[in-house]
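Contents: one structure, followed by commentary.
Residue numbers (full-length UniProt numbering): 1 to 99.
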């Protein structure tokens, strides 16, 4: 599992990344605003959703402050997936958001 700072994620998205952004907040939090293109898979549904992840793709996991993202990333990393966890979260996001 790798780690990325929120500003480095913003830079990577501006340049263009093939990674899938996974937002593990609740649907209500996600609907208040999220990174464009991010997919909402709430933390409590990660175990049931693991089959939807491809082991050849890269996934960047984000939440509100970093705690839930780390939990999800640890679980997915144990499944031998290519996981990067955002050390901060949407509370620190300075880029554009989509509702």
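Quick reminder that beta carbons are idealized off the backbone N, C-alpha and C, glycines included.
Since this is a predicted model, take the numbers as computed values, not measurements.
Quiz item: Are the region 78 to 86 and the region 30 to 41 in contact at 8 angstroms, needing three or more beta carbon pairs?
Solution: Output reads no: the region 30 to 41 does not touch the region 78 to 86.
Quiz item: From residue 95 to residue 48, what distance separates their C-alpha atoms?
Solution: Position 95 of the chain shown, counting from 1, holds the residue named residue 95. Position 48 of the chain shown, counting from 1, holds the residue named residue 48. Spanning the two alpha carbons is a distance of roughly 30 angstroms.
Practice problem: Grab me the residues of residue 75's own chain with a C-beta within less than 6 angstroms of its C-beta, minus the 5 sequence neighbours each way, in chain order. | Solution: On the chain shown, residue 75 is found 75 positions in, with the first residue counted as 1. So the qualifying residues of the chain are 46.
Self-check item: Three-state class that DSSP yields for residue 60 in the structure shown
Solution: Counted from its first residue, the chain shown places residue 60 at position 60. It is a strand residue.
Quiz item: Expressed to the nearest angstrom, what Euclidean distance is found between the alpha-carbon atoms of residue 21 and residue 12?
Solution: Counting from 1 along the chain shown, the entry for residue 21 is found at position 21. Counting from 1 along the chain shown, the entry for residue 12 is found at position 12. Cα-Cα distance, rounded: 12 angstroms.
Self-check item: residue 72 and residue 89 closer than 8 angstroms at C-beta
Solution: Numbered from its first residue, the chain shown carries residue 72 at position 72. Numbered from its first residue, the chain shown carries residue 89 at position 89. Not closer than 8 angstroms, so no.
Quiz item: Excluding the five sequence neighbours on either side, which residues of its own chain have a C-beta within less than 8 angstroms of the C-beta of residue 19, listed in chain order?
Solution: Mapped onto the chain shown, residue 19 falls at position 19. Closer than 8 angstroms at the Cβ level, and outside the excluded window around residue 19, lie 12, 57, 58, 59, 60 and 84.
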